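Residue numbers (the UniProt record's numbering): 1 to 380.
By construction, the Cβ of each residue, glycine as well, lies at the ideal position given by its N, Cα and C atoms.
Only a predicted model underlies this, so the values are computations on that prediction, with no experimental measurement involved.
Let me begin by presenting the structure, written as structure tokens, before commenting on it.
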């Protein structure tokens, strides 16, 4: 069976190359540690020079060493060697993704691993979740949110095509590893570890049959959809009264989705957004729109996408206080007025699906939904 292997990347491959017996390098470890969360652009020149020196050492060690030495040098490669029982040729048919932190050291380490696997004819890519670092709890949470979104967009199609999903968590920081343990129970078919120590065996944890009890979040699907689209909801808003605390991040004034909330919503939204139309703020529906929506009752994916777009439009209108010009620009929905059709406008759901609408007093009245030619020919 073909695999998609997702490996988290730490930085020990770099720090292991420091010659601690050399007095000239006695401060290198501390310098790397103190600058570990900096991006490439923000890392001091002195530290970049150290990183490049260690990168070259790591490349040479991986190129010239035996398997045992390679496995000791790189936790990430240790996991991959263990997965294939040291027969890397068996991994050529698989797809590998390396998950690196949004830092200079994380990305440089990932590039070393990618280069090594590429030299062994692996199909390998790097994904850097924007913002992912341990600089602050907020930065880390934002990075994890981006990682969850990427997984939701990437993994299902591979599963549909018969791939087995393996999480290689031998490398990476403990904080990231902890979250990936939980995330893996939803996305991975197996999670692999190797305990530290010479000749340690591979440990495989199969996926547990975990499902979300959507009945507990059913009453909050409107605010959850809005927060997923980027809306910040006031803590005293009646829409979120009683919402489970684990699903939201509360800064004292407004609530947004927590990392756990993002994961739960991602796993639940297909069911919850394929039900009735949600009463999003700033949006109203004509009977004709309801009728068009009813025609999609057998197409879950289409309904979910439609309601996600409506949540996005609602979010943008909330930010602009009802000004529809925000829907036209970058990050909008290609909102535009029809020619010679009065106040009638339209916006995009997908490349072939459109919604017609009119606007008044900060609200949008949705008239029709469907294939672009059908809506354009009869938008009323």
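Among the options, the one whose alpha carbon lies nearest that of residue i
i, options, result
"residue 219", "231, 275 and 136", "275"
"residue 360", "352, 369, 368 and 344", "344"
"residue 129", "144, 371 and 69", "144"
"residue 94", "72, 161 and 35", "161"
"residue 122", "81, 17, 267 and 308", "81"
"residue 321", "241, 231 and 272", "231"
"residue 306", "269, 71 and 148", "269"
"residue 256", "248, 332 and 353", "248"
"residue 383", "364, 351 and 363", "Coverage of the chain is limited to positions 1 through 380, which leaves residue 383 absent and any answer about it impossible."
"residue 262", "212, 234 and 17", "212"
"residue 215", "243, 258 and 66", "243"
"residue 159", "238, 190 and 71", "190"
"residue 277", "303, 298, 323 and 267", "303"
"residue 217", "43, 299 and 245", "245"
"residue 5", "127, 42, 65 and 301", "127"
Beta-carbon contacts of residue i that lie in its chain and below 7 Å, excluding the five residues immediately before and after
i, result
"residue 379", "338, 341, 344, 346, 356, 367 and 368"
"residue 38", "103 and 104"
"residue 172", "8, 9 and 10"
"residue 124", "96, 98, 114, 117 and 118"
"residue 207", "185, 188, 189 and 190"
"residue 327", "313, 316, 333, 335 and 347"
"residue 15", "29 and 32"
Residue i, buried or exposed, once every other Cβ within 10 Å from all chains shown has been counted against 16
i, result
"residue 168", "buried"
"residue 55", "buried"
"residue 241", "exposed"
"residue 156", "exposed"
"residue 358", "buried"
"residue 19", "exposed"
"residue 204", "exposed"
"residue 33", "exposed"
"residue 292", "buried"
"residue 253", "exposed"
"residue 45", "exposed"
"residue 182", "exposed"
"residue 77", "buried"
"residue 166", "buried"
"residue 21", "exposed"
"residue 329", "exposed"
"residue 297", "exposed"
"residue 229", "buried"
Beta-carbon proximity check, residue i vs residue j, cutoff 8 Å
i, j, result
"residue 185", "residue 210", "yes"
"residue 280", "residue 310", "yes"
"residue 11", "residue 154", "no"
"residue 3", "residue 164", "yes"
"residue 221", "residue 272", "yes"
"residue 117", "residue 74", "no"
"residue 332", "residue 353", "no"
"residue 192", "residue 202", "yes"
"residue 365", "residue 295", "no"
"residue 194", "residue 170", "yes"
"residue 264", "residue 250", "no"
"residue 58", "residue 107", "no"
"residue 259", "residue 135", "no"
"residue 69", "residue 61", "yes"
"residue 325", "residue 283", "no"
"residue 86", "residue 67", "yes"
Neighbourhood of residue i by C-beta distance below 6 Å, restricted to the same chain and skipping five residues each side
i, result
"residue 133", "37, 101, 102, 103 and 139"
"residue 88", "120"
"residue 146", "129 and 130"
"residue 224", "265"
"residue 50", "28"
"residue 179", "144"
"residue 362", "322"
"residue 47", "31 and 35"
"residue 40", "104"
Residues of its chain near residue i, where Cβ-Cβ distance is below 8 Å and the 5 sequence neighbours each way are ignored
i, result
"residue 84", "90 and 91"
"residue 79", "7, 168, 169, 170, 171, 192, 193, 194 and 202"
"residue 1", "162, 163 and 164"
"residue 26", "20"
Test: residue i CB closer than 8 Å to a CB of chain D
i, result
"residue 377", "Among the chains of the structure shown, chain D does not appear; only one protein chain is present."
Legend entry - Contained beta strand (DSSP E) runs [length at least 3] in the stretch 262-288, N- to C-terminal order: 283-285
Legend entry - Uninterrupted alpha helix (DSSP H) stretches inside the UniProt domain "CRISPR system ring nuclease SSO1393-like" (72-208) (no shorter than 4 residues): 75-83, 104-119, 137-160 and 174-187
Inset, instruction - Go through the stretch 296-378 residue by residue and report every complete run of the beta strand (DSSP E) that reaches 3 residues or more, in order. - result: 345-350, 353-360 and 363-371
Inset, instruction - Would you list, in sequence order, the uninterrupted alpha helix (DSSP H) runs of no fewer than 4 residues that lie entirely inside the stretch 205-239? - result: 221-228
Inset, instruction - Only counting runs of 3 or more residues, tell me where the beta strand (DSSP E) segments fall wholly within the stretch 6-59, in order along the chain. - result: none
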